[in-house]
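Novice:
Residue numbers (our numbering): 32 to 560.
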């Protein structure tokens, strides 16, 4: 262990020791958030640090399920044609305060309108603050869906939609829909510091943001004015620890109560340790390699198919996942409704791959494979995965260079339409609906944003758009099944794996629930005395 690590650990423990008597829950997180304004980002690491502890949404998911419950909206009515959704807002909800801002009013309709207007209205002064691209909002076709948002009174808001949207209420529980304070935004804009929304967040959630030391620690305090069930601990601390082995050591030593994303090779030892409890659940996720379909020769579906046939996915499952994953053949996980199990996966066949590349006139191909710098549930070791792919590609005459960037930069650069090479990424479902995978990641509206393959197929997209407006799940499922057939034929991705999610924790932790949507939520987690 390096001296730097010893000093960092000592300083952290000294800080934690002072708060221990006040019941602090310490979470060993895997990386630093990109910021604290959830609407600007798509990474789960960022949502864990922002949306879940600090903010609330009009609707919420019952933790551990995809069931939609009332949130900042106490109730709602959907018109018969599905194009008008009226939210009846909760009264008496208090926003947090900080050194720069003390609210003078409770949450109301103005905050709801501001939250969504800034994402879809280029004239809103916050539309370009902090370099925001509002990737989720755009990739989910929200600019075309939301015709207008009407304030009936302070506690009634009406969303006028251009069409029915089957997952709309679930979408309102997603991280991008975290409700911001318009009063705080106005005050920061007047002060000339609008970026404070992203640096010193103000929400209505169960914890208040206190401080962030980049790449080291995030501190939160319980919000004792919270309208819902109060948090069970007085403070929450994220100990940012990128190395999974170090996270494991910290849990063993009692420096952290809960850790994210263990090395698959360590899971059995954790299970055998009486001082560690390992919760597990099949993940609603997929890991993939996205080609840039706008750049030759990856604009040719046959070339993409050939490269898919060159990848030994079983070897990746054995080496990288070590029993915690299964081969993915579709872009949605097998636990999700509408999964098309009749589809046959691309066979691992290097000789056929080599012949297909030759038929397409592809010789001496050089390409880049981008490897994520962080562990995610759908990819516990992207560098190792990329190395295995590099070796596989060499067998068919393709020379691969592995590249990587800091996580925030990786996500930003990989959106570029002229990005070179193929990028390793993945997805954990946000709302339990197939639309959240297929439309967000592969729909035409996501090109240049969440659609890292830059793939726009009109037939595929038409099926997604048709499915969105239907209320009958069986009819929607049929369209999604047909869309998966098109996806497999066109191969914008190499689908790699679906994984099991493991959550190791100290035995004194109580109340933690593994969330199927991938978030780490701590407002009802306590510590046994």
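In this text, a Cβ means the ideal position worked out from N, Cα and C, and glycines have one as well.
In the DSSP assignment, the alpha helix (DSSP H) including residue 182 goes from what residue to what residue?
Specialist: Numbered from its first residue, the chain shown carries residue 182 at position 151. Looking at the DSSP string, residue 182 is not in any alpha helix (DSSP H); the run it does join, the beta strand (DSSP E), is 177 to 184.
Novice: Work out the CA separation of residue 352 and residue 547 for me, nearest whole Å.
Specialist: Translated into positions along the chain shown, residue 547 becomes position 516. Translated into positions along the chain shown, residue 352 becomes position 321. Looking at the two C-alpha atoms, the distance is approximately 19 Å.
Novice: Can you name, in chain order, every residue of its own chain whose Cβ lies under 7 Å from the Cβ of residue 393, other than the five neighbours on each side?
Specialist: Position 362 of the chain shown, counting from 1, holds the residue named residue 393. Correct list, in chain order: 328 and 334.
Novice: To the nearest angstrom, how far is it from the Cα of residue 342 to the Cα of residue 385?
Specialist: Counting from one through the chain shown, the residue named residue 342 turns up at place 311. Counting from one through the chain shown, the residue named residue 385 turns up at place 354. Residue 342 and residue 385: Cα-Cα distance of roughly 12 Å.
Novice: Jot down the residue ranges of each uninterrupted alpha helix (DSSP H) in the region 481 to 519, minimum 4 residues, whole runs only, in chain order.
Specialist: Correct list: 489 to 499.
Novice: So what does DSSP say about residue 399, is it helix, strand or coil?
Specialist: Taking the first residue of the chain shown as position 1, residue 399 is located at position 368. Residue 399: strand per DSSP, three-state reduction.
Novice: If residue 403 and residue 441 are in contact, beta carbons under 8 Å, what's the gap, nearest whole angstrom?
Specialist: As a first step, residue 403 is located in the chain shown; it is residue number 372 there, counting from the start. As a first step, residue 441 is located in the chain shown; it is residue number 410 there, counting from the start. Contact holds; Cβ gap of about 6 Å.
Novice: Let me check one thing: in DSSP terms, what residues is residue 436 bridge-paired to?
Specialist: In the chain shown, residue 436 corresponds to position 405, counting from 1. Note: residue 436 sits in no beta bridge, so no partner.
Novice: With a cut-off of 7 Å, does the C-beta of residue 308 fall near any C-beta of chain C?
Specialist: In summary, chain C is missing from the structure at hand, where a single protein chain is found.
Novice: Going along the chain, which residues of its own chain have a beta-carbon closer than 7 Å to the beta-carbon of residue 346, five neighbours each way excluded?
Specialist: As a working mapping, residue 346 is identified with position 315 in the chain shown. For residue 346, where only same-chain residues beyond five positions count, the Cβ hits under 7 Å are 419.
Novice: Taking the beta strand (DSSP E) that residue 82 falls in, what are its first and last residues?
Specialist: Position 51 of the chain shown holds residue 82. Not the beta strand (DSSP E): residue 82 falls in the alpha helix (DSSP H), residues 82 to 85.
Novice: Could you tell me the distance, in whole angstroms, from the CA atom of residue 130 to the CA atom of residue 495?
Specialist: Within the chain shown, the letter at position 99 stands for residue 130. Within the chain shown, the letter at position 464 stands for residue 495. If I take the Cα positions, the gap works out to 46 Å.
Novice: Which of helix, strand or coil does DSSP assign to residue 450?
Specialist: Working through the chain shown from its first residue, we reach residue 450 at position 419. In the structure shown, residue 450 sits in coil (DSSP, three-state: anything other than H, G, I, E or B).
Novice: Restricting to Cα atoms, I'd like to know which of 244, 421, 166 and 433 is closest to residue 70.
Specialist: Residue numbering aside, residue 70 sits at position 39 when the chain shown is read from its first letter. Taking only the C-alpha atoms, the option nearest residue 70 is 166.
Novice: Give the list of continuous beta strand (DSSP E) stretches no shorter than 3 residues that lie fully inside the region 368 to 419.
Specialist: Whole beta strand (DSSP E) segments, 3+ residues: 397 to 401.
Novice: Measure the beta-carbon distance from residue 355 to residue 530 and round it to whole angstroms, keeping in mind my assumption that it falls under 8 Å.
Specialist: Taking the first residue of the chain shown as 1, we reach residue 355 at position 324. Taking the first residue of the chain shown as 1, we reach residue 530 at position 499. Between residue 530 and residue 355 the Cβ distance is about 6 Å, and since that is below 8 Å, they are a contact.
Novice: Using the C-alpha atoms, what's the distance from residue 120 back to residue 566?
Specialist: Outside the shown range of the chain (32 to 560) lies residue 566, about which nothing can therefore be said.
Novice: With distance defined between alpha-carbon atoms, name the residue in 185, 323 and 510 nearest to residue 447.
Specialist: Stepping through the chain shown from its first residue, residue 447 is reached at position 416. Among 185, 323 and 510, the Cα nearest to that of residue 447 is on 323.
Novice: Could you say which of 500, 102 and 231 lies nearest to residue 80 if we only look at CA atoms?
Specialist: By 1-based counting over the chain shown, the position of residue 80 is 49. It is 231 whose Cα lies nearest to the Cα of residue 80.
Novice: If you draw a straight line from the C-alpha of residue 405 to the C-alpha of residue 290, how long is it?
Specialist: Looking up residue 405 in the chain shown gives position 374. Looking up residue 290 in the chain shown gives position 259. Using only the alpha carbons, I get a separation of about 14 Å.
Novice: Taking the C-alpha atoms as reference points, what is the distance between residue 49 and residue 283?
Specialist: As a working note, residue 49 is residue 18 in the chain shown. As a working note, residue 283 is residue 252 in the chain shown. In this prediction, residue 49 scores a pLDDT of 42, lower than 50, which makes its location untrustworthy; no coordinate-derived value is stated.
Novice: Please name the residue, chosen from 96, 117, 113 and 97, that lies closest to residue 105 on a Cα-to-Cα basis.
Specialist: Translated into the one-based positions of the chain shown, residue 105 becomes position 74. The residue with the shortest Cα to Cα distance from residue 105 is 117.
Novice: Would you call the CB atoms of residue 469 and residue 514 closer than 7 Å?
Specialist: Within the chain shown, the letter at position 438 stands for residue 469. Within the chain shown, the letter at position 483 stands for residue 514. A contact, by the Cβ cut-off of 7 Å.
Novice: Can you list, in chain order, the residues of its chain whose CB lies under 6 Å from that of residue 239, leaving out five sequence neighbours each side?
Specialist: In the chain shown, counting from the first residue as 1, residue 239 sits at position 208. So the qualifying residues of the chain are 127, 252 and 254.
Novice: Quick check on residue 559: does DSSP put it in helix, strand or coil?
Specialist: The residue labelled residue 559 in the question sits at position 528 within the chain shown. Reduced to three states, the DSSP call for residue 559 is coil.
Novice: Is the CB-CB distance between residue 17 and residue 318 below 7 Å?
Specialist: The chain is shown only over 32 to 560; residue 17 falls outside these bounds and no answer can be derived.
Novice: What do you reckon, are the CB atoms on residue 247 and residue 99 nearer than 7 Å?
Specialist: Numbered from its first residue, the chain shown carries residue 247 at position 216. Numbered from its first residue, the chain shown carries residue 99 at position 68. No, Cβ-Cβ distance for residue 247 and residue 99 is not below 7 Å.
Novice: Under the three-state reduction of DSSP, which class applies to residue 537: helix, strand or coil?
Specialist: Mapped onto the chain shown, residue 537 falls at position 506. Residue state, collapsed to three classes: coil.
Novice: Could you pull the DSSP bridge partners for residue 189 from this structure?
Specialist: Translated into positions along the chain shown, residue 189 becomes position 158. Residue 189 is bridged to 117 and 181.
Novice: I'd like to know if the region 169 to 180 and the region 146 to 154 are in contact, where contact means that at least 3 CB-CB pairs between them fall below 8 Å.
Specialist: Flag = yes, the region 169 to 180 and the region 146 to 154 touch.
Novice: Rank 236, 242 and 483 by C-alpha distance to the C-alpha of residue 227 and give the top, closest one.
Specialist: In the chain shown, the residue the question calls residue 227 occupies position 196. Comparing Cα-Cα distances from residue 227 to each of 236, 242 and 483, the minimum goes to 242.
Novice: Could you check where the beta strand (DSSP E) with residue 311 kicks off and where it finishes?
Specialist: Taking the first residue of the chain shown as 1, we reach residue 311 at position 280. Run containing residue 311: 308 to 313, per the beta strand (DSSP E) assignment.
Novice: Rounded to whole angstroms, what's the CA-CA distance from residue 235 to residue 357? Just pull it up for me.
Specialist: Within the chain shown, numbered from 1, the residue matching residue 235 stands at position 204. Within the chain shown, numbered from 1, the residue matching residue 357 stands at position 326. Approximately 39 Å between the Cα atoms of the pair.
Novice: Run through DSSP, which three-state label would residue 358 get?
Specialist: As a working mapping, residue 358 is identified with position 327 in the chain shown. If DSSP states are grouped into helix, strand and coil, residue 358 belongs with the strands.
Novice: So is residue 223 buried or exposed if we call it buried at 16+ other beta carbons inside 10 Å?
Specialist: As a first step, residue 223 must be located in the chain shown, where it is residue number 192. It counts as exposed.
Novice: Around the Cβ of residue 135, are there at least 16 other Cβ atoms within 10 angstroms (buried) or fewer (exposed)?
Specialist: Counting from 1 along the chain shown, the entry for residue 135 is found at position 104. Classification for residue 135: exposed.
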